[in-house]
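One structure is given below, encoded as structure tokens.
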Amino acid sequence: MMVRYLLAALVAGLIAGVFMSVAQEIKVTPLILHAEEFENVGGAHVEQSLAPRGSSILALADFLNPVTSAHAHEGADGGSLFGLDRLGGTILANLVVGAGYGLILLAAVLLTGIPITAKTGVLWGAAGWLTFQFLPALGLPPELPGFPAVDLADRQVWWIATVLLSAAGLYLLVARSEIWAKVLGVVVLALPHVYGAPQPEIISSDVPALLAAEFAVAALATTAFFWVVLGLLMGAAMDRLEEGA
Amino acid sequence: MANKTIKTHTIGAAGQRITIAVTALIVGAFFIFGAGLANSAVLHDTAHDARHAYGFPCH
Numbered sequence: 001m002m003v004r005y006l007l008a009a010l011v012a013g014l015i016a017g018v019f020m021s022v023a024q025e026i027k028v029t030p031l032i033l034h035a036e037e038f039e040n041v042g043g044a045h046v047e048q049s050l051a052p053r054g055s056s057i058l059a060l061a062d063f064l065n066p067v068t069s070a071h072a073h074e075g076a077d078g079g080s081l082f083g084l085d086r087l088g089g090t091i092l093a094n095l096v097v098g099a100g101y102g103l104i105l106l107a108a109v110l111l112t113g114i115p116i117t118a119k120t121g122v123l124w125g126a127a128g129w130l131t132f133q134f135l136p137a138l139g140l141p142p143e144l145p146g147f148p149a150v151d152l153a154d155r156q157v158w159w160i161a162t163v164l165l166s167a168a169g170l171y172l173l174v175a176r177s178e179i180w181a182k183v184l185g186v187v188v189l190a191l192p193h194v195y196g197a198p199q200p201e202i203i204s205s206d207v208p209a210l211l212a213a214e215f216a217v218a219a220l221a222t223t224a225f226f227w228v229v230l231g232l233l234m235g236a237a238m239d240r241l242e243e244g245a
Numbered sequence: 001m002a003n004k005t006i007k008t009h010t011i012g013a014a015g016q017r018i019t020i021a022v023t024a025l026i027v028g029a030f031f032i033f034g035a036g037l038a039n040s041a042v043l044h045d046t047a048h049d050a051r052h053a054y055g056f057p058c059h
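Quick note, the sequences are listed as chains A and B, same order.
The UniProt record's numbering puts the first residue of the first sequence at 1, with every later residue one more than the last.
The UniProt record's numbering puts the first residue of the second sequence at 1, with every later residue one more than the last.
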């Protein structure tokens, strides 16, 4: 029984990952490739591409960053897992992310005791999108390569904290009926944004702002699509498991 | 008794449910960490475009 639930979540996630790969290839990847053209303007070396020009502070931050800039792009060191090409790597990553979010969604369904069905799948998907995409994006919008940003570890800590607080806040706000829970839910949801995401002091970039805006919308739109597909597939899978049980 | 049977059929016994949930959470978080957050050059390069597309903090 246990294995069937885990398998259902895995399969739903993998299928959602395939859908996401297609959506990404159409809406998101072209913008990343376009941005990389600007990113490398004025400095042929990849090393230069991630440090905003003329900023010694950010250059220093980039230097101290545990993730060095050199491996960020094609042709640099690092290299791809299993020798996959760029599209292959993206598809693999989408499958892993899909499976991961599918399993986390299953865990949320089981821990809250709020069932996911074909009917409530969209709502569960919306909750996942809010938790993992939209609410963190309020502080750290989806960024194109070549954008100024502060230390990676700081942003990752803020991102993880925001995801955890958003999940807790949504649970308190939506799943609990007590007044104190709803008030606390709003407070918990607002907390990471009141604290504030780590932001760079210097925000100039070679990448045009129009591209950044298009990218942020495309990233949020495609991930909304991903989460709705994932929610619907999970709901349908759970309906079938319940029938067969 | 009857109530217990129905419960088992709908979502599994409570203990088993928690076991599934925790297993799913740990494995799922491991996948998300590997694809989205892990500080490894090879993982980063492989997942580069997807990391940007999901809005994971990158670079």
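Beta carbons are placed, not taken as given, at the ideal position from N, Cα and C, and that holds for glycine.
Is the CB-CB distance between residue i and residue j below 8 Å?
i, j, result
"residue 124(A)", "residue 231(A)", "yes"
"residue 156(A)", "residue 43(B)", "no"
"residue 224(A)", "residue 27(A)", "no"
"residue 196(A)", "residue 117(A)", "no"
"residue 194(A)", "residue 39(A)", "no"
"residue 96(A)", "residue 35(B)", "yes"
"residue 7(A)", "residue 21(B)", "no"
With distances taken from CA atoms, which of the options is nearest residue i?
i, options, result
"residue 165(A)", "178(A), 186(A), 175(A) and 147(A)", "186(A)"
"residue 136(A)", "195(A), 215(A), 159(A) and 114(A)", "159(A)"
"residue 138(A)", "226(A), 163(A), 97(A) and 229(A)", "163(A)"
"residue 10(A)", "38(A), 233(A) and 174(A)", "233(A)"
"residue 114(A)", "171(A), 13(A) and 7(A)", "171(A)"
"residue 92(A)", "31(B), 59(B), 13(B) and 21(B)", "31(B)"
"residue 15(B)", "2(A), 25(A), 20(A) and 21(A)", "2(A)"
"residue 36(A)", "145(A), 212(A) and 129(A)", "145(A)"
"residue 215(A)", "141(A), 107(A), 150(A) and 181(A)", "141(A)"
"residue 46(B)", "29(A), 151(A), 241(A) and 87(A)", "87(A)"
"residue 5(A)", "192(A), 108(A), 201(A) and 131(A)", "108(A)"
"residue 134(A)", "85(A), 89(A) and 226(A)", "226(A)"
What first and last residue would you give for the alpha helix (DSSP H) that runs through residue i?
i, result
"residue 5(A)", "2-27"
"residue 51(B)", "41-53"
"residue 240(A)", "209-244"
"residue 154(A)", "152-170"
"residue 31(B)", "14-32"
"residue 90(A)", "86-112"
"residue 197(A)", "Where residue 197(A) is concerned, there is no enclosing alpha helix (DSSP H), given that its DSSP letter is neither H nor E."
"residue 174(A)", "Segment: none, residue 174(A) is in no alpha helix (DSSP H) and carries neither H nor E."
"residue 135(A)", "135-139"
"residue 126(A)", "121-129"
For a contact meaning CB atoms closer than 9 Å, what does residue i contact in chain A?
i, result
"residue 38(B)", "Within chain A, no residue comes near residue 38(B); the closest Cβ sits about 10 Å away, beyond 9 Å."
Which residues of chain A have a Cβ atom closer than 7 Å to the Cβ of residue i, listed in chain order?
i, result
"residue 15(B)", "None at all; the shortest Cβ gap to chain A is about 11 Å."
Which term fits residue i, buried or exposed, when burial requires 16 or more other beta carbons within 10 angstroms of its beta carbon?
i, result
"residue 73(A)", "Residue placement at residue 73(A) is poorly supported in this model, since its pLDDT is 49, which falls under 50; the coordinates still yield a value, given next. So residue 73(A) counts as buried."
"residue 49(A)", "Any answer about residue 49(A) is weak, because its pLDDT of 42 lies below 50 and its placement is not dependable; what the coordinates show is given next. Label assigned to residue 49(A): buried."
"residue 188(A)", "buried"
"residue 17(B)", "buried"
"residue 51(B)", "buried"
"residue 143(A)", "buried"
"residue 205(A)", "buried"
"residue 180(A)", "exposed"
Please list the partners that residue i has in chain B, where partner means a Cβ-to-Cβ separation under 8 Å.
i, result
"residue 199(A)", "Simply none; closest approach about 12 Å."
"residue 136(A)", "55"
"residue 29(A)", "49 and 53"
"residue 280(A)", "Past the edges of chain A, shown from 1 to 245, lies residue 280(A), and the structure says nothing about it."
Anything in chain B within Cβ reach of residue i, meaning under 9 Å, just list it in chain order.
i, result
"residue 223(A)", "53, 54 and 55"
"residue 111(A)", "17, 18, 21, 22 and 25"
"residue 89(A)", "45, 46, 47, 48, 49 and 50"
"residue 189(A)", "None at all; the shortest Cβ gap to chain B is about 18 Å."
Since residue i meets chain B, which of its residues come closer than 7 Å, beta carbon to beta carbon?
i, result
"residue 106(A)", "24"
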